[in-house]
Each structure stands twice: as structure tokens, then as C-alpha cells.
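S.K.: Input: one structure, supplied below.
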Amino acid sequence: SSHEQRFLKNETNPHRSRFLVTRLGEDWIFLVLLGITMALVSWTMDYASAKSLQAYKWIHGELRGNIPLQYLAWVSYPLLFVLFSSLFCHLVSPQAIGSGIPELKTILRGVVLKEYLTVKAFIAKVIGLTAALGSGMPVGKEGPFVHIASICAAVLSRFMSIFSGVYQNPYCYTDILTVGCAVGVGCCFGTPLGGVLFSIEVTSTYFAVRNYWRGYFAATFSAFIFRVLSVFNKDAVTITALFRTNFRMDFPFDLQELPAFHTHILSIGFMAGELMPRECINSLFDNFTWTKISGSPTPVGLGRSAAWVHPDVNVFVILLLFFLMKFWMSAVATTMPIPSGAFMPVFILGAAFGRLVGEIMATLFPHGIVFDSILYRIIPGGYAVIGAAALTGAVTHTVSTAVICFELTGQISHILPMMVAVILANMVAQGLQPSLYDSIIQVKKLPYLPELGFGHMSQYNIFVEDIMVRKVKFVSLQSTYREVKLLLDSSSLKSIPLVDSKDSMILLGSIDRLELLALCDWWLSPERRLLMQVRTGQGPPCWLVFSVLPKDFTPVHLTDLMDKPMEIDEIRVDPSPFQLVERTSLHKTHTLFSLLGLSHAYVTSIGKLVGVVALKEVGNFICAGLFKYTQLSEVFAHLSRL
């Protein structure tokens with residue numbers, strides 16, 4: 001009949017769609033959808049923020065001549081946008097505030113942070129970040145956009161789970177978030193290679209090589225669509241680098257300049273305040289030497305760089321004032337309760353400081369440097385590029401910022417000094433303090449495992465037995481419902497170990513907290529007690545079980561139920577929880593927790609449960625440096641035995 005045909009048609013449609021998706025490849029479809037979505041979001045945000053900045057400058061220009069109104073407009077315009085961004089995020093999703101990279105780093109470590117990867121957080125992050133960028137405040141797009149791309153990847157994975165159950169796997173979920181981080185950086189700047197490497201360095205302690213092609217494909221596709229949209233909107237003539245430079249390629253720098261390139265890395269203005277971030281970077285990377293054109297007629301093609309040259313103020317004073325003002329304003333802006341990143345403000349700071357050193361070098365060697373009887377002039381813009389890469393690398397503790405700079409500028413002429421500068425900056429910064437994102441993790445007190453110091457032999461001489469918790473809360477096969485209820489009420493453990501008996505303490509597995517709660521709720525529920533009485537003949541007839549009960553009916557007393565042994569067969573037990581032995585070294589424990597994303601591990605001795613070590617204990621032990629004191633105590637104990 002027609003009804004049967006319609007039923008068969010509806011039944012086969014899902015199978016056809018699943019077959020089609022499987023034939024095309026779930027990964028390819030997912031990555032293409034992710035790349036297109038993020039390219040559209042990135043271009044839309046850039047377009048909206050650019051129009052807002054144009055309106056900002058237009059209002060300032062229209063009020064020229066009226067200093068009070070001009071000042072009021074210059075201050076109130078960004079203030080309104082920042083207040084809107086902060087209020088919108090606070091009302092819709094407070095998790096959208098900040099960068100997002102520290103939280104993603106914590107999530108990829110295996111920690112569950114609620115409401116950070118939801119549609120509400122996506123909407124709040126996109127609108128709040130667009131308003132923050134349109135305000136003209138010194139905030140970056142890179143960090144929040146990594147969070148946005150990860151949310152988009154998580155939502156798309158839930159959509160793709162309709163066609164393939166692979167996307168419901170928790171291990172696949174981690175791979176999806178890793179790809180989202182790569183797409184976020186690659187699409188933000190149009191730098192797919194540097195974006196993938198940067199996302200790996202920032203978010204991952206250990207990286208699965210199987211995700212390499214996914215990250216590169218999605219980031220490249222997204223960056224390509226992003227640049228094509230700019231060409232269609234006539235923002236660019238063709239697909240090219242975002243901050244393209246035109247440094248000479250035959251002899252970009254002299255070897256005698258290498259000390260100057262790297263000395264200012266180790267030591268790592270008001271006139272340019274009217275420049276927006278992209279205009280600022282383009283002007284800092286130009287080929288002109290500002291000290292030579294200061295006080296002389298403006299050369300042809302100077303463009304927006306003319307804002308750095310003033311007839312009455314020295315170029316060095318302008319650059320120094322710009323650096324100092326930008327420094328404290330960036331520090332204030334990135335700590336406001338709005339979606340904000342720190343990569344671009346730090347990038348501009350590094351470029352300004354590098355430009356300052358380049359102008360100093362051009363003043364010290366006004367005619368250039370002689371090499372092999374040939375005179376080569378100094379290019380201050382090259383110093384700006386190197387300074388930008390080095391400072392961002394030092395702040396984030398990454399070396400992939402050099403690759404990002406190559407893709408942003410479209411040239412690799414300064415590859416040698418840039419790589420050396422980034423490595424030197426990392427060497428100094430890592431010896432002084434943790435990275436920016438690790439510092440935020442510490443300030444927010446997020447559960448995260450810090451890195452072990454390289455080369456400390458004591459990490460091999462400290463064992464799990466030195467840091468584990470010996471008083472373990474557990475349930476046994478003989479545990480009553482009263483004991484289980486008391487354990488659940490007195491602790492917040494997500495999983496509880498199951499042992500054979502209190503005497504043997506043989507570890508049988510672990511039980512999820514939700515399983516025990518469901519079992520207790522069902523055991524103590526009136527429906528179950530009523531059914532039990534009906535079966536034993538002590539209750540009302542069966543036809544009254546789900547109807548009106550007599551007023552004089554009294555169920556079984558709770559005391560009798562609470563003292564009965566727990567029915568283990570009714571719940572799911574994980575028979576193989578992760579276990580360590582007592583003599584597992586701190587180094588191996590740290591490696592396993594980082595590699596597998598563990599939250600805790602049980603410590604056993606010949607099958608007996610003797611303790612538990614959690615992420616918190618390992619992290620606190622490393623942060624406090626207790627392994628040094630433990631090593632000293634072992635030395636004193638050994639001496640006392642002698």
C-alpha cells in the first residue's frame with residue numbers, strides 16, 4: 001500500500017545519507033564544513049570591526065577643530081563598545097570572557113569545564129569579540145578565535161555524529177578540538193602552516209601525528225576561503241600575505257648586523273595613536289628609514305607611515321612613547337572582562353621595539369655597512385619583523401611565531417636572524433617565568449599539570465608512594481546502602497574504587513558516581529519498595545500498585561533497606577581503571593598523566609589498593625618543589641642509618 005511505501009522510503013533515507021557520507025569520507029566533509037564556517041565567521045568579524053573603526057575615525061575627523069567634543073568622542077566611542085561587549089558576555093555566557101586558550105589547554109588535558117564549548121558561548125564570543133575589536137582597544141583576535149573555532153568544531157562533531165558514531169568517541173572529541181585550534185589560528189591570520197604549529201605548541205603537551213593532515217587541510221582550506229573573501233570584497237587585489245613586505249632578497253642583512261638583531265631581543269607614542277592595528281603593523285614593516293626623512297619633505301609612497309614622522313619631535317621619542325603607552329594599555333585591555341587576545345598587542349609591541357632598534361642602527365650607520373667592497377643599507381623594517389616574532393615567541397613560549405611571520409610578510413629573507421632571535425627570546429623567557437597562557441591558568445586556578453624542569457635527576461628518585469593519598473575512600477562487595485549513601489554525601493569523587501573486601505583490599509575496578517547515585521535512588525524509591533512488597537505478598541494487590549493506595553498503607557521501613565548489601569550486578573563497573581605501582585617515578589607518572597589525560601590513578605601493590613594519586617596532588621607537588629625537600633630528607637635518613 002501507499003502507507004507501506006512511505007514507511008519504507010522514510011526508513012531507507014537515513015541509511016542512504018549515511019552511506020553517501022561514508023563514501024565521501026566523514027573526515028573530509030567535517031573538515032570542509034569547519035573551514036568554510038570559520039572563514040565566513042572570521043571575514044564577517046573583520047568586516048564589521050573594520051566598518052566600526054572607520055566610523056570611529058570619521059567621527060574624530062568630523063569634529064576636528066572642536067577639541068573638547070573630539071576628546072569626548074575619542075573616549076566615549078570605545079567605552080560604549082567595551083561596555084556592550086562586557087555586558088553581553090556576562091548575560092549570555094560568562095565563559096566567553098578572556099582569551100579561551102588557557103581553558104582549551106585545560107580541556108585538552110582531560111579536564112571537563114562546563115559551558116565552555118556551547119552555542120551560547122559561541123554567540124557571546126563572536127559578538128563580544130567583534131564589539132571589542134571595533135572599539136579600537138589594543139586587544140587581539142587570535143586567542144578568542146581559537147576558542148570560537150573549537151566551539152564550532154565541537155558543535156559540528158555533534159552534527160556529524162548523526163551519520164557516524166565515531167564522532168561520539170571521547171578520544172575522537174579531543175582530536176576534533178585539536179583541529180579546531182589549528183583552524184582558529186590559521187584562519188585568523190591566513191597562516192595555515194604557522195597556525196597548525198602554533199596550536200600544537202600552545203595547547204598540546206603530546207600531539208598525535210594522525211591529526212597533522214586534518215589540521216593542515218582544514219587550516220589551509222579555511223585560510224584560502226578567508227583570503228578569497230577579502231579579494232571579492234576588494235580589500236586585496238589578489239591572494240597575498242596579510243602584511244606583505246618588500247625587503248631586498250639579494251642581500252637582506254649583513255652578518256655584522258646579527259649582534260644588533262639579537263642584543264635587543266635579550267633586553268626585551270602619541271603621534272601614532274591614530275593608526276589602527278593593521279595600519280600600525282604595515283607602517284612598522286615598511287622599507288623607509290624614518291630618521292633620514294625626518295625634517296625633510298615627505299617622500300612619495302610614505303602613506304600611513306607619515307604618522308610616525310613629525311617635524312618637531314624626534315622619531316626615537318615617538319617610538320619610545322608609543323611602546324610605553326601601548327605596553328600599559330595592552331596590559332589593561334587584555335585583563336578587561338571582554339573576549340580579548342594578547343597575541344596581536346604583543347606582536348605590535350615587538351614590532352615597535354624592533355623598529356626602534358632598527359632606526360638606531362640606521363643612525364649609527366647612516367651610509368650602511370660595507371661588505372666585500374659593496375655598501376648595503378640597513379632596513380629598519382627587518383628589525384621590526386624580527387622583534388615582533390621574538391617578543392610573541394617569548395610571551396607564548398613558542399618558536400612557531402617565526403613561521404607565522406614568514407606567512408604574514410610573504411618573505412623569508414630574514415629567516416636566519418629571526419629563528420636565532422626567537423630561540424634566544426624563548427631561552428631567556430622560559431628561565432624567568434611561565435608562558436602567558438600558563439600564567440592565566442595559575443591565576444584562574446584551573447586544574448592543569450605543570451611541566452617538569454628539564455634535567456632534574458630528582459624527578460627520577462621520587463616515587464608515587466611519596467605523593468599518593470593513602471586514606472582511600474572505597475566500596476566493597478559487602479558494602480551496604482547506608483555506607484554507600486554516606487560515602488556519596490561526604491565526598492565529591494567522580495569515580496570510586498571497588499575492592500573485594502575490607503580485609504583483602506584487592507582492587508576489582510571502579511564505579512562511576514552517577515551509577516551509585518542512580519542505584520541508591522532506585523533502591524530507596526517508593527515505587528521499588530512498593531513492588532517489593534507486592535511480590536512478597538505484604539502489600540496491596542497488583543492492580544493498586546499504580547493507582548490510589550489505601551490511607552493505612554505503610555511501606556517497608558527504610559532502616560531495613562539501608563542495611564542490606566549493595567547489588568553490584570545492577571550497575572556497570574569499569575574492570576580496568578588505570579593503575580600505578582608504588583615505585584613508579586615522578587617523571588613516568590607525569591608523562592602518563594600528560595599523555596593519556598588522566599585525572600587520577602589508583603596505586604596498587606600485588607593487586608591490593610594502597611593509595612590514589614590525582615592530578616591535583618601531582619601538580620601541587622611539582623609547583624611547590626617538594627621533590628627537593630624529599631630528596632634532602634632521604635639523604636638525612638641515609639646518614640642517620642650510617
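The sequence shown begins at 1 in the UniProt record's numbering and counts up by one. Note that the Cβ used here is the ideal one computed from N, Cα and C, for glycine as well.
1) Considering only the beta carbon of each residue, do residue 80 and residue 73 sit closer than 8 Å?
2) Locate the beta strand (DSSP E) running through residue 512, then write down its first and last residues.
3) Please return the same chain residues whose Cβ sits closer than 8 Å to the Cβ of residue 612, not counting the five positions on each side in sequence.
4) In the structure shown, what three-state DSSP assignment does residue 178 receive?
5) Look at residue 422 and residue 401 and say whether their C-beta atoms are less than 8 Å apart.
6) Can you name, in chain order, every residue of its own chain whose Cβ lies under 7 Å from the Cβ of residue 623, other than the five neighbours on each side?
7) Am I right that residue 464 and residue 570 are in contact with their C-beta atoms under 8 Å? What's the rounded C-beta distance?
8) When the distance is taken between beta carbons, is residue 34 closer than 8 Å to residue 218?
9) At which residue ranges does the region 306 to 347 contain complete alpha helix (DSSP H) runs of 4 or more residues, listed in the order of the chain?
10) Between which residues of its own chain and residue 474 is the CB-CB distance below 6 Å, once the five residues before and five after are set aside?
11) Assign residue 140 to one of two classes, buried (16 or more other C-beta atoms within 10 Å of its C-beta) or exposed (fewer than that).
12) Could you check the C-alpha separation between residue 386 and residue 418 for me, to the nearest Å?
13) With a threshold of 8 Å, are at least 3 pairs of Cβ atoms found where one atom belongs to the region 345 to 356 and the other to the region 106 to 123?
14) Taking only the alpha-carbon atoms, compute the straight-line gap between residue 619 and residue 116 and give it to the nearest angstrom.
15) Alpha carbon to alpha carbon, how far is residue 207 from residue 100?
16) Within the chosen definition, does the region 35 to 42 reach the region 187 to 195 through at least 3 CB pairs nearer than 8 Å?
17) Of all the options 381, 424 and 439, which has the alpha carbon lying nearest to the alpha carbon of residue 411?
18) In whole angstroms, what separates the C-alpha of residue 504 from that of residue 608?
19) Nearest-angstrom Cα distance between residue 406 and residue 143?
20) Just the Cα atoms here: how many angstroms apart are residue 495 and residue 344?
21) Are residue 181 and residue 149 closer than 8 Å when you measure CB to CB?
22) What separation, rounded to the nearest whole angstrom, lies between the Cα atoms of residue 501 and residue 507?
23) Is the number of C-beta pairs between the region 578 to 595 and the region 87 to 103 that are closer than 8 Å three or more?
24) Are there 16 or more other CB atoms within 10 angstroms of the CB of residue 76, so buried, or fewer, so exposed?
25) What residues in its chain sit with their C-beta under 7 Å from that of residue 478, if we drop five residues either side in the sequence?
26) Identify the residues that DSSP records as bridge partners of residue 496: which are they?
27) With a threshold of 7 Å (Cβ to nearest heavy atom), would residue 156 be considered close to the ligand SAM?
28) Count the other CB atoms within 10 Å of the CB of residue 192; is the residue buried (16 or more) or exposed (fewer)?
29) Within 10 Å of its beta-carbon, does residue 606 have 16 or more other beta-carbons around it, so buried, or fewer, so exposed?
30) Taking the Cβ atom as the reference point for each residue, do residue 198 and residue 480 lie within a distance shorter than 8 Å?
31) Please state whether the Cβ-Cβ distance between residue 394 and residue 425 is less than 8 Å.
32) Where in the region 195 to 226 do unbroken runs of the beta strand (DSSP E), each at least 3 residues long, occur, reported from the N-terminal end onward?
33) Pull up the distance between the alpha-carbon of residue 482 and that of residue 563, whole angstroms please.
34) Which word fits residue 67, buried or exposed, when buried means at least 16 other C-beta atoms lie within 10 angstroms of its C-beta?
35) Whole angstroms are fine: how far does the CA of residue 518 sit from the CA of residue 589?
36) Between the alpha carbons of residue 50 and residue 119, how many angstroms are there, rounded?
M.R.: So, to answer that:
1) Result no, Cβ atoms of residue 80 and residue 73 do not sit closer than 8 Å.
2) Looking at the DSSP string, the run of the beta strand (DSSP E) that includes residue 512 is 507 to 512.
3) Counting only Cβ-Cβ distances below 8 Å, and skipping sequence neighbours, we find 468, 469, 472, 497, 600, 601, 602 and 603.
4) Three-state DSSP puts residue 178 in a helix.
5) In this structure, residue 401 lies closer than 8 Å to residue 422 by Cβ.
6) Short of 7 Å from the beta carbon of residue 623, and not among the five residues preceding or following it, lie these beta carbons of its own chain, in chain order: 450.
7) Beta-carbon to beta-carbon, residue 464 and residue 570 are separated by about 33 Å, too far to satisfy the 8 Å threshold.
8) Yes; because the gap between Cβ atoms is below 8 Å, this pair is in contact.
9) Here the runs fully enclosed are 315 to 333.
10) Taken in chain order, the residues that qualify are 497 and 499.
11) By the neighbour-count criterion, in which 16 or more other beta carbons inside 10 Å mark a residue as buried, residue 140 falls on the buried side.
12) Taking the Cα positions, residue 386 is about 5 Å away from residue 418.
13) Contact between the region 345 to 356 and the region 106 to 123 is absent, with fewer than three C-beta pairs closer than 8 Å.
14) If you draw a straight line from the Cα of residue 619 to the Cα of residue 116, it is about 23 Å long.
15) One Cα belongs to residue 207, the other to residue 100, and the distance between them is close to 19 Å.
16) The answer is yes - the region 187 to 195 touches the region 35 to 42, with three or more Cβ pairs under 8 Å.
17) The shortest C-alpha separation from residue 411 is found at 381.
18) Roughly 7 Å between the two C-alpha positions.
19) The straight-line gap separating the alpha-carbon atoms of residue 406 and residue 143 is approximately 20 Å.
20) Straight-line Cα distance between these residues: approximately 42 Å.
21) Yes, they are a contact pair.
22) If you take the alpha carbons of residue 501 and residue 507, they lie about 9 Å apart.
23) The region 578 to 595 is not in contact with the region 87 to 103.
24) In summary, residue 76 is exposed, with fewer than 16 beta-carbon neighbours lying within 10 Å of its beta-carbon over all protein chains present.
25) So the list reads 501 and 565, once near-sequence residues are dropped.
26) According to the DSSP secondary-structure assignment, residue 496 is paired through a beta bridge with 511.
27) Looking at this structure, you won't find the ligand SAM or any other ligand, since it has none at all.
28) Buried: at least 16 other Cβ atoms inside 10 Å.
29) Exposed, because fewer than 16 other Cβ atoms sit within 10 Å of the Cβ of residue 606.
30) With respect to the 8 Å criterion, residue 198 and residue 480 are not classified as neighbours on the basis of their beta carbons.
31) It is a contact, given that the beta carbons lie within the stated cut-off.
32) Qualifying beta strand (DSSP E) stretches: none in this window.
33) Straight-line Cα distance between these residues: approximately 6 Å.
34) With fewer than 16 Cβ atoms within 10 Å of its Cβ, residue 67 is classed as exposed.
35) Computed Cα separation, rounded: 33 Å.
36) About 25 Å.
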